[in-house]
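Each residue of the sequence shown is one higher than the last, beginning at 174 in the working numbering. Working notes, beginning with the structure itself.
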Amino acid sequence: MTVGVTPRQASLLQGTAAVCEGRVGEGPVWAVLHRECHRLFPDALFADLYAQTGRRSVPPRIVAVVMVLQRLLGLSDREAVEAFTFDARWKYACGGLDFDYPGFAHTVLVDMRERLRGSQRPERVFEVTVQAARQAGLVGARRVLDSTPLYDAAATMDTVTLVRPAIPGLLRVAGEQLAGALRQAVTSGDDYATLAKPPIDWDDAAAREALVDSRAKDARGCLGLLDGRALAPVVAEAAALLATVVGQDLLGELTGTAEPGVGPCPQQPAACQPEQPAGPAAEPSPQPPAPPTPEVYGDTAYGTGPLLARLEAAGTDPHVKVQPPTAPGGRFAKDRFAIDLAAGTVTCPNQVTAPITWGASGGTARFGTACQGCPLAAGCTSSAKGRAVWVGNYEAQLAAARARHADPAWAADYRATRPKVERKLAHLMRRRHGGRRARVRGRDRVAADFALLAGAVNLARLAVLGLHWSAGGWAAAG
């Protein structure tokens, strides 16, 4: 299949531009796509996805615009294709196509997603929106981090649904003698002859809990009977499956995926130093301004020593909160102790100093007998061995972060910037298809689909900010 070409010249009598321009306005995403879709998503951007010979594909520019609007409006594949076929705004957004421009099968969207997923640039639609925003001066040196659970399209099953097929499967391969012994270990009275759920009042929480408890006891009884026995490989496999089902599901795990995304903070490119021409008449060229220092904002979920060290190594200014130190029983926390990493010592509130004994992952300062008779001991430790203070390998980064928290200006800047990411996540999560729960399965597909959603949300925001093409490239209004 070769790449199709989108028509650039619409009919003056049948084109959707004349009807939609006065009604849609200049600001909505429909108008931005109408004006700029040939620059944002030209057919050539997707040429590598197609062969050199074969029949023409649906023009990829049209497919890309439909995919963006689909993700923005939360439509299924069939709904999106139906909207393109009958809603004049969709054809207007695709460059002002004619009213009678033919639709296409919904499987074209499936095919495009798979072609993108298998390509060298699977997230190119998202990348286009970021590049346009950066060229328009809308992307600065600030990065705000946050995460939220994103579940794939796998079906979640309750404990009863999971356990009941596993026990018959074990009985089926166990052999007559072993199966008889296993049935004696079943105490619920369930014969496990069918996969149907037992007839109970499923609205009764107590009945549901009793049912789950009885079937879990059946499973554990069977596993206890098999413990220590030499089993045939097929029986061992069925028993392992039952053990996995009981162990995982009763711990409350979901079949979805939660992927807090923390990527490396991109470093700003170093300013290029122009070469000085030779000769005595040469005058020094003005130095370009230094790029702004990247700033990274994150809540306490990101306030770990390894991440702070990573941000520091990347040359960023971290605005990341860390958990305050705590101690059991309301006793003196670690911040009441003076930790001198250079000297390798820790000084307690009573001005007693103890050396740090270092290990692979950190060190410990033990005060031992110095705590006996200390007037502050009641507020410090209840151990007969005295207080011990753990010093991790990232103690310097954590201490520096806690010191920054005390700065009122830092705190005000954090409060003004950090909550914005919550609103952005809300923009992404509210969609019916691909918001909190993805519509595809597998991490690669979920990641690509979510990147497409992020690109669609970016484009909607760029439309509000007046993105347009000028002589110097992309620019925003004002």
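Don't be surprised by glycine CBs; every beta carbon is placed ideally from N, CA and C.
- Taking a contact to require three or more Cβ pairs closer than 8 angstroms, the region 630-650 and the region 302-312 qualify as touching.
- For residue 339 and residue 518, the gap between their C-alpha atoms comes out near 57 angstroms.
- Comparing alpha carbon positions, the residue from 316, 623 and 207 closest to residue 601 is 623.
- Assignment of beta-bridge partners to residue 529 by DSSP yields 538.
- A buried status is given to residue 262, since no fewer than 16 other beta-carbon atoms sit within 10 Å of its beta-carbon.
- Cβ contact annotation for residue 591 (same chain, cutoff 7 angstroms, sequence separation greater than five): 317, 470 and 472, in chain order.
- Fewer than three beta-carbon pairs drawn from the region 274-283 and the region 213-221 are found closer than 8 angstroms, and the two stretches are therefore not classed as touching.
- The beta carbon of residue 407 sits closer than 8 angstroms to those of 346, all from its chain and outside the five residues before and after it, given in chain order.
- In the DSSP secondary-structure assignment, residue 232 is not bridged to any residue.
- With a cut-off of 8 angstroms on Cβ pairs, the region 197-205 is not in contact with the region 216-231, counting fewer than three such pairs.
- In the displayed model, residue 578 falls within a helix according to three-state DSSP.
- Following the DSSP letters along the chain, one finds residue 317 in no alpha helix (DSSP H) but inside the beta strand (DSSP E) bounded by residues 315-317.
- Look at residue 178 here: in three-state DSSP terms it is coil, with no helix or strand label.
- Within a 10 Å sphere around the beta-carbon of residue 489 sit 16 or more other beta-carbons, which makes this residue buried.
- Taking all protein chains in view, the Cβ of residue 492 is crowded by 16 or more other Cβ atoms within 10 Å, so the residue is classified as buried.
- DSSP places residue 280 within a helical segment (H, G or I) once states are collapsed to three.
- Scanning 315, 323, 195 and 270 for the CA closest to the CA of residue 465 turns up 315.
- Apart from the 5 residues on each side of it in sequence, residue 553 sits with its Cβ closer than 6 angstroms to the Cβ of 504, 505 and 560 in its chain, given in chain order.
- For residue 547, the CB contacts under 6 angstroms within the same chain, skipping 5 residues up- and downstream, are 523 in chain order.
- In this structure residue 532 does not touch residue 564 by the C-beta definition: roughly 10 angstroms separates them, more than the 8 angstroms allowed.
- In terms of Cβ geometry, residue 604 and residue 247 form a close pair [threshold 8 angstroms].
- Across the structure, residue 399 and residue 352 are spaced so that their CA atoms are roughly 11 angstroms apart.
- Assignment of beta-bridge partners to residue 520 by DSSP yields 511 and 526.
- Contact between residue 257 and residue 239 is confirmed by a C-beta separation of about 5 angstroms, below the 8 angstroms threshold.
- By the C-beta density criterion, residue 646 is exposed, having fewer than 16 other C-beta atoms within 10 angstroms.
- Cα atoms of residue 195 and residue 211: separation of roughly 21 angstroms, rounded to the nearest angstrom.
- Judged by DSSP in its simplified three-state form, residue 643 adopts strand.
- When DSSP reads this structure, residue 648 sits in a beta bridge with 641.
- Between residue 364 and residue 222, the alpha-carbon positions lie close to 55 angstroms from each other.
- Comparing alpha carbon positions, the residue from 259, 337 and 190 closest to residue 270 is 190.
- Excluding residues up to 5 positions away in sequence, 216, 229 and 232 lie with their Cβ nearer than 8 angstroms to the Cβ of residue 178 in the same chain.
- Nearest to residue 494 by C-alpha distance, out of 578, 321 and 462, is 578.
- Beta-bridge partners assigned by DSSP to residue 203: none are found.
- Proximity to residue 538 across 528, 512 and 244 peaks at 528, based on C-alpha coordinates.
- Beta-carbon to beta-carbon, residue 631 and residue 309 are separated by about 11 angstroms, too far to satisfy the 8 angstroms threshold.
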